[in-house]
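**Student:**
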Ligand code: TXA
Ligand code: MG
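Residue numbers (my numbering): 1490 to 1814.
1) On the three-state DSSP scale, how would you describe residue 1713?
2) Assign residue 1497 to buried or exposed, taking buried as 16 or more other Cβ atoms, counted over all protein chains shown, within 10 Å of its Cβ.
3) Evaluate contact between the region 1785 to 1799 and the region 1715 to 1733, counting only Cβ atoms and requiring at least three cross-stretch pairs below 8 angstroms.
4) Among 1801, 1508, 1807, which residue has its Cα nearest to the Cα of residue 1653?
5) Secondary structure at residue 1668, three-state DSSP: helix, strand or coil?
6) In angstroms with no decimal places, state the Cα-to-Cα distance between residue 1757 and residue 1522.
7) Is residue 1629 near the ligand MG - that is, is its Cβ less than 8 angstroms away from at least one heavy atom of it?
8) Within the present structure, is the beta-carbon of residue 1602 separated from the nearest heavy atom of the ligand TXA by less than 8 angstroms?
9) Counting beta carbon pairs with one atom in the region 1569 to 1579 and one in the region 1621 to 1634, are three or more of them shorter than 8 angstroms?
10) With DSSP run on the structure shown, which of helix, strand or coil describes residue 1765?
11) Smallest Cα separation from residue 1695: which of 1682, 1713, 1673?
12) So does residue 1608 have its beta carbon nearer than 8 angstroms to some heavy atom of the ligand TXA?
13) Which residues in the same chain as residue 1490 place their Cβ atom closer than 6 angstroms to its Cβ, once the five residues preceding and following it in sequence are excluded?
14) By DSSP's criteria, residue 1817 is part of a beta bridge. Which residues make up the other side?
15) Rounded to whole angstroms, what is the Cα-Cα separation between residue 1545 and residue 1716?
16) Applying the criterion that 16 or more other CB atoms from any shown protein chain within 10 Å of the CB defines a buried residue, is residue 1548 buried or exposed?
17) Classify residue 1796 as buried or exposed, calling it buried when 16 or more other Cβ atoms lie within 10 Å of its own Cβ.
18) Can you tell me which of 1663, 1606, 1761 puts its alpha carbon nearest to the alpha carbon of residue 1670?
19) List the whole-angstrom C-beta distance separating residue 1506 from residue 1518, where the pair is believed to meet the contact cut-off of C-beta under 8 angstroms.
20) Ends of the alpha helix (DSSP H) at residue 1618?
21) Which one of 1727, 1745, 1722, 1743 has the shortest CA to CA distance from residue 1737?
22) Can you look up residue 1774 in the DSSP assignment and give me helix, strand or coil?
23) Along the chain, where does the alpha helix (DSSP H) that runs through residue 1506 open and close?
24) Under 8 angstroms Cβ to Cβ from residue 1742, same chain only, skipping five residues before and after it: list those, please.
25) Return the chain-ordered list of same chain residues with a C-beta closer than 7 angstroms to the C-beta of residue 1611, the five sequence neighbours on each side being excluded.
26) According to DSSP, what are the bridge partners of residue 1585?
27) Suppose the cutoff is 8 angstroms on Cβ atoms and the five residues either side in sequence are ignored; what does the same chain contact list for residue 1659 look like?
28) Output the residue ranges of the beta strand (DSSP E) runs that lie fully inside the region 1517 to 1564 and measure 3 residues or longer, sorted by chain position.
29) Is the distance from the Cβ of residue 1668 to the Cβ of residue 1585 below 9 angstroms?
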């Protein structure tokens, strides 16, 4: 199949992209977190193409993206007031809320689950595209299943063929995927960590206190132990045994440090700020995946705020090397 092409986010290109979506095609587009691979969320055949392009297992459900709270009426029959309180605080933004699905949403979107994941992204291009298309857009991250998430248009191009159009909205400002939460009777539960932290959420609505009878992998089938992985071995300092000869390895520090004995060194941030490190995470891993090094050694970052999401992604990226088949 032909390589997809990258397009500037002009009004004409966004309009061409919404025509592709309306006629059942796929478009890769920027969001503030990572690039998404979108299809009309109401069109089961279009959504099926996402699973094929990504080589994604059918049991892993998709997030539906909206541009307006009124879009919820066609997606979810629920009137949980907490959704509106959370939306007021965090939408548009990197928070995904799982809610009961209406029958307009085909089963393929939710992998047969009775609930659908919804978020309103804050990237202008994403919002314009959803508005112009006139449908909510189902979109996972625009990478091959299990591989590094894309935070630039070029990262999408590297992994995906068969996508007619990639809209270039620049480098993503958040850099890691949205926080995913589910609303239980007694409060929310975090299924995936992201930029919207537990502390930020509890300022709006209580957290679930139930600890028993909850199975995270079952609740969110996409939350596998191995994910977001580069094509090269990855080791975390202090957590994994690092090969002694690092002369052909890359070292990734949290903030700039002198490091000898490695072929290359990169830092996730220039100043030790976690938000900057989150933006650096997939960018640096993509760069090192392409560089002439044999393996990657990464330092840990402080596990608070978005640092929890960074370490979650790093451990998932390293998992398959520690647990070979
Ligand atoms: O930031 C993001 O969320 C990006 C951008 C493009 O919006 N999207 C993204 O999608 O990361 P994806 O498909 O790579 O991850 C979606 C996650 C998966 O872990 C999936 O299992 C979970 O959300 N999920 C989706 N629908 C769900 C549902 N109905 N119930 C439980 N978990 C769900
Ligand atoms: Mg993904």
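C-beta: ideal position from N, C-alpha, C; glycine also. Quantities reported herein were computed from a predicted structural model and do not represent experimental measurements.
**Tutor:** Reading off the structure:
1) coil
2) exposed
3) yes
4) 1508
5) strand
6) 16 angstroms
7) yes
8) yes
9) no
10) helix
11) 1673
12) yes
13) Any reading at residue 1490 must be qualified, since the residue scores a pLDDT of 47, below 50, and its modelled position is unreliable; the value itself is stated next. Cβ neighbours of residue 1490 beyond the five flanking positions: 1650, 1651.
14) Look at the range of the chain in this structure, 1490 to 1814, and you will see that residue 1817 is not part of it.
15) 12 angstroms
16) exposed
17) buried
18) 1606
19) 7 angstroms
20) 1613 to 1622
21) 1722
22) helix
23) 1500 to 1511
24) 1748, 1754, 1755, 1756, 1757, 1788
25) 1521, 1581, 1582
26) 1669
27) 1519, 1641
28) 1525 to 1529, 1552 to 1554
29) yes
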